[in-house]
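With this note's numbering as the guide, the letters of the sequence shown map in order to residues 3 to 247. A quick write-up on the structure given underneath.
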Amino acid sequence: MVKRETILLIGGTHEAVALNAALSEKKGIRLITSLAGRTSAPVKLKGEVLMGGFGGLDGFDRLLRAEEITRVIDASHPFAARITETAFTCARSAGIPYLRLCRPAWVEQPDDQWIRAGNLADAAGKIGFHKRIFLTIGRQELAAFEGATDKFLLVRSIEKGDFTPEKSEVAFLQARGPFSVDDEIALMTEHRIDLLVSKNSGGAATYAKIEAARRLKLPVLMIDRPQEPSADTYASVKELLAALT
């Protein structure tokens, strides 16, 4: 009798939702999907779902053994570096196949005005003379901009973050993408934005803001991705599913 496969899917992205749906339809697979629990109303998923962190390397290792995981598929956000490093390290140590689903990064186009930043701290130091800034980096990362002085900061995130810079004005906008280019243009125009700050998350769901900035001839402070592990990496759900057949 062939033992069924138990897959641990690390979620948190649109691609992970699609992968969850596809894998749940496959016979002979027990699917466990893990979410970090950073939003109070996550997208509904099929199969078994684990909420919250893993508890570091030891916690992840215990999970692999307790649930008898046979394969790890990491479809976490490109900027979830700690989760990715933990999953990769523990899977490799346990001799379990690790597959990374990571959408391609955005590429600067001829009419774009990108200012590159290596990380959040670097980005915070490069806002310079810009006064009206659109922060689209997620609520977990806002602390890097606490020291901003004499700025208007428009913050968009799925849930409101704990962000209270003493020397700048803040406006919060709670919303979940995808957004249209026209809506992004209208939003940036309404708030007289002169700088967009974004992580290079890649994908189509939030690219409209990049195109909107291009059309408005606005600079984009683009935060580069953290380094990915040297693992089997796939750019789309279709590619990864093909590798499993």
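Where is the CB? At the ideal position from N, CA and C, for every residue including glycine. Note that the coordinates shown come from a computational prediction; the quantities given were computed from them, not determined experimentally.
From this set, the options, which residue's C-alpha is nearest residue i's C-alpha?
i, options, result
"Arg84", "Pro231, Lys128, Tyr236, Ala244", "Pro231"
"Leu155", "Phe165, Ala146, Ala173", "Ala173"
"Val19", "Val51, Thr8, Glu7", "Val51"
"Ser36", "Met53, Gly49, Lys28, Lys46", "Met53"
"Phe165", "Ala145, Ser182, Ser159", "Ala145"
"Pro106", "Ala77, Lys153, Arg6", "Ala77"
"Tyr100", "Val109, Thr88, Lys133, Trp108", "Thr88"
"Lys211", "Gln229, Gly179, Leu242", "Gly179"
"Asn121", "Phe147, Asn22, Glu161", "Phe147"
"Gly61", "Val239, Thr91, Thr72, Gly49", "Thr91"
"Glu168", "Phe56, Leu220, Thr151", "Thr151"
"Arg134", "Ala123, Asn22, Lys240, Thr191", "Thr191"
"Asp184", "Gly205, Arg6, Gln229, Ala214", "Ala214"
If we ignore side chains and look at the alpha-carbon of each, how far apart do residue i and residue j end up?
i, j, result
"Gly149", "Leu223", "17 angstroms"
"Glu143", "Leu137", "10 angstroms"
"Phe196", "Gly127", "Inspection of the sequence shows that residue 196 is occupied by Asp rather than by Phe. Asp196 and Gly127: Cα-Cα distance of roughly 16 angstroms."
"Pro112", "Leu218", "14 angstroms"
"Glu69", "Leu33", "11 angstroms"
"Leu11", "Arg64", "16 angstroms"
"Gly30", "Val199", "44 angstroms"
"Ala207", "Ile98", "31 angstroms"
"Asn202", "Asp226", "6 angstroms"
"Tyr209", "Arg216", "11 angstroms"
"Ser26", "His79", "21 angstroms"
"Thr8", "Val74", "9 angstroms"
"Leu103", "Phe81", "13 angstroms"
"Thr247", "Ala93", "21 angstroms"
"Glu161", "Gln176", "6 angstroms"
"Leu59", "Glu241", "28 angstroms"
Classify residue i as buried or exposed, calling it buried when 16 or more other Cβ atoms lie within 10 Å of its own Cβ.
i, result
"Glu171", "exposed"
"Glu17", "buried"
"Met3", "At Met3, the pLDDT of 43 sits below 50, so the modelled position is not reliable; the number obtained from the coordinates is stated separately. Counting Cβ neighbours within 10 Å, Met3 comes out exposed, since fewer than 16 surround it."
"Ser159", "buried"
"Ser182", "exposed"
"Phe131", "exposed"
"Gly13", "buried"
"Lys46", "exposed"
"Ala244", "exposed"
"Ala38", "buried"
"Val239", "buried"
"Ala119", "buried"
"Gly57", "exposed"
So residue i is in the beta strand (DSSP E); what residue range does that whole segment cover?
i, result
"Ala119", "116 to 119"
"Glu7", "7 to 12"
"Ser170", "Counting along the chain, Ser170 falls outside any beta strand (DSSP E), and DSSP gives it neither H nor E."
"Ser159", "154 to 159"
"Thr235", "234 to 236"
Would you kindly report the start and end of the unbroken alpha helix (DSSP H) that includes residue i?
i, result
"Lys240", "239 to 246"
"Glu230", "Counting along the chain, Glu230 falls outside any alpha helix (DSSP H), and DSSP gives it neither H nor E."
"Glu17", "16 to 26"
Quiz prompt | beta strand (DSSP E) runs contained entirely in the stretch 32 to 93, provided each spans 3 or more residues | solution = 50 to 53, 73 to 76
Quiz item: Hey, which unbroken runs of the beta strand (DSSP E) at 3 residues or more fall wholly within the stretch 173 to 226?
Solution: 197 to 201, 222 to 225
Practice problem: Jot down the residue ranges of each uninterrupted beta strand (DSSP E) in the stretch 105 to 148, minimum 3 residues, whole runs only, in chain order. | Solution: 116 to 119, 134 to 138
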